[in-house]
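> Just so you know, we're using the numbering used here here: the sequence shown kicks off at 5 and counts up by one. From the three backbone atoms N, C-alpha and C, an ideal C-beta is built for every residue, glycine too. The structure's right below; bear with me while I get my questions together.
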Amino acid sequence: MSDLFAPAGPGGRTLLGRQAQVLLGFALPRADCLLAGIAQVIARAPLRQLTTPGGHVMQVAMTNCGLLGWTSDRRGYRYADRDPGSGRPWPAFPEGFLTLATDAAAEAGFPGYRPDACLINRYAPGTRLSLHVDRDEDDPVAPIVSVSLGLPATFLWGGLARSDRTVRVPLAHGDVVVWGGADRMRFHGVLPVPPGTHPQAGAFRYNLTFRKVR
Ligand code: MD3
Ligand code: FE
Numbered sequence: 005m006s007d008l009f010a011p012a013g014p015g016g017r018t019l020l021g022r023q024a025q026v027l028l029g030f031a032l033p034r035a036d037c038l039l040a041g042i043a044q045v046i047a048r049a050p051l052r053q054l055t056t057p058g059g060h061v062m063q064v065a066m067t068n069c070g071l072l073g074w075t076s077d078r079r080g081y082r083y084a085d086r087d088p089g090s091g092r093p094w095p096a097f098p099e100g101f102l103t104l105a106t107d108a109a110a111e112a113g114f115p116g117y118r119p120d121a122c123l124i125n126r127y128a129p130g131t132r133l134s135l136h137v138d139r140d141e142d143d144p145v146a147p148i149v150s151v152s153l154g155l156p157a158t159f160l161w162g163g164l165a166r167s168d169r170t171v172r173v174p175l176a177h178g179d180v181v182v183w184g185g186a187d188r189m190r191f192h193g194v195l196p197v198p199p200g201t202h203p204q205a206g207a208f209r210y211n212l213t214f215r216k217v218r
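Structure (structure tokens):
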């Protein structure tokens, strides 16, 4: 309990819950490779601001790679094996994506992780992601691995109910968050990204979330 939220340097980790932790700087040595992979995916499956079932246009621009991709429109949220924008299958995981996800999951206590989807989120300054739970995946305890790249941001880490108090967690370029098990269904979100430019990513924050959907 006393080590929850304890500060740690690069190569260290912050425990957010029993089965949720930040691996500080874990992706830093692979960040350039990951950004190159993101550019490859975006070239074939362009980023889009999706519409929610309620008719709102999401601020975050999204695309996917892997066998399945998360998507949304007036009919609902779902995973699809094709990009609704083009009708083509999502691009495969670029070089380095799968090993980063499996290495991070193993480091956080989830050996043998085999994600089948990777959602790519792009945030311009001012963009936020409101408090939500990811519940469109079949397995409610399989971990999600999140990789932050580019501009820094502050995450909100909540509880199992929307009204539970939230903790603010700063995340920087190269930080990786892994959360599964009992912590998988917690509410979370991202505060508006502050203005800035990043040497490798320009005026954007990118986030990869690897998921095991099926
Ligand atoms: C809560 N993405 O795509 S990753 C999503 O940064 C999504 O783009 C967010 O939620 C993003 O569904 C956040 C999930 C996450 C990662 C780290 C956290 C939630 C967190 C750290 C602390 C609290
Ligand atoms: Fe989420």
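Less than 8 angstroms between the C-beta atoms of E99 and K216, yes or no?
No, the Cβ-Cβ distance between E99 and K216 is not below 8 angstroms.
> Using only CA atoms, which one of W183, R126, P119, R132 lies nearest to L39?
R126
> Between the beta-carbon of C122 and the beta-carbon of N211, is there less than 8 angstroms?
Pairing C122 with N211 gives a Cβ-Cβ distance that is not under 8 angstroms.
> A78: which of Y117, L20, V61 sits nearest, CA to CA?
Note that residue 78 is Arg in the sequence shown here, rather than Ala. Selected option, being the one with the closest Cα: V61.
> Could you spell out where the beta strand (DSSP E) holding A24 opens and where it closes?
24-27
> Just how far apart, CA to CA, sit P129 and L175?
Roughly 15 angstroms between the two C-alpha positions.
> For G41, count the other beta carbons within 10 Å of its own beta carbon; 16 or more makes it buried, fewer makes it exposed. Which is it?
Taking a 10 Å sphere around the C-beta of G41, we find 16 or more other C-beta atoms and assign the residue as buried.
> Excluding the five sequence neighbours on either side, which residues of its own chain have a C-beta within less than 7 angstroms of the C-beta of G15, listed in chain order?
Hits under 7 angstroms: L28, G29.
> How long is the line joining the alpha carbons of V149 and V26, rounded to whole angstroms?
10 angstroms
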